[in-house]
Each structure stands twice: as C-alpha cells, then as structure tokens.
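My numbering puts the first residue of the sequence shown at 26, with every later residue one more than the last.
Input: a single structure, listed below in structure tokens.
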Amino acid sequence: MDDLFVRIINGEIPSKKVFENDKVYAFEDINPKAPVHVLVVHKEPTENINDTGLDKAYIYSDLFLAAREIAKKLNIDKTGFRTIINSGPDSGQEVYHMHVHILGGKKMQNLV
Ligand code: AMP
C-alpha cells in the first residue's frame, strides 16, 4: 500500500499544492506550525536521511533547490525561513517518506 505522501502526489488525497516539478511535489502542511508551513516531498520515495545515501544524493539537491524556489515564490526568502528534515523516532517523524519542512512568515525561536 502506498504511503500517505504517494497518495497525495497521485491526487488520491487532496492537498493545497504550492509547487511541482518532475522531481518533487510541495503542498501546505495540514497542521501548520508557522504562517508558512510547506512540505516538499520527493517523488522517488526514500524513508529519511538514514535511507538516502550517496547513490541517492540527488534527492537532497532536488529537495533543497525546490525549497529555495518555493521560499522565493512565497516571498519569505528575504525575511528568512527554516528547513527541517525529521529522521526516525526521536525526531517525531510521522511520515516515512523523505520530505523537507519549510517554515517561515514569523520570527522563530532559536533551537540550536
Ligand atoms: P514528519 O513529522 O516530519 O513526518 O511530518 C509529517 C507532516 O505531515 C506533519 O507536519 C503533518 O502535519 C503533515 N501531514 C499529515 N497528513 C497530512 C495531509 N493529509 N496533508 C498535509 N499535511 C499532512
């Protein structure tokens, strides 16, 4: 059975699309943690960073180059934004399909 994000990419589950190209699909998070909260999902599913090695290094560039374009499109490139990838249980990862969170539109607390 396809994971949640594959079903979103295929249009079986509705989403608010923000951006798409042949590598990634990006949409608004259903439970936003900031005024802008977008998920950038790779169309080739890997689970997380643990599952995405050198043979799949292009996944990182595809995700982050799209994130860069989306930040510009949503006008948060100059004000700033945060990108997060959760990997594994302690991170709170809910969906085991590699994705980047883009958070912006407000001043955020320093985490690190
Ligand atoms: P993660 O915890 O990194 O796996 O992130 C999964 C994210 O998917 C969470 O921020 C959820 O709010 C979000 N999410 C879950 N279901 C949906 C959905 N149907 N549409 C949009 N975002 C979703």
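A virtual CB, placed ideally from N, CA and C, is assigned to each residue, including glycine.
DSSP state of residue i mapped onto helix, strand, coil
i       : result
Lys-42  : strand
Asp-76  : helix
Pro-114 : helix
Opening and closing residue of the beta strand (DSSP E) in which residue i lies
i       : result
Tyr-50  : 49-53
Ile-84  : Not the beta strand (DSSP E): Ile-84 falls in the alpha helix (DSSP H), residues 83-98.
Thr-108 : 106-109
Alpha helix (DSSP H) segment containing residue i, residue limits
i      : result
Val-31 : 29-34
Separation of residue j from residue i, as counted between CA atoms
i       : j       : result
Gly-36  : Glu-45  : 13 Å
Lys-48  : His-67  : 6 Å
Ile-109 : Asp-27  : 23 Å
Lys-58  : Leu-128 : 7 Å
Val-137 : Glu-72  : 24 Å
Residue i - partner residues in DSSP beta bridges
i       : result
Val-125 : Val-65
Proximal residues to residue i (C-beta, below 8 Å), its chain only, five neighbours per side dropped
i       : result
Phe-89  : Thr-108, Val-125
Gly-117 : Asn-111
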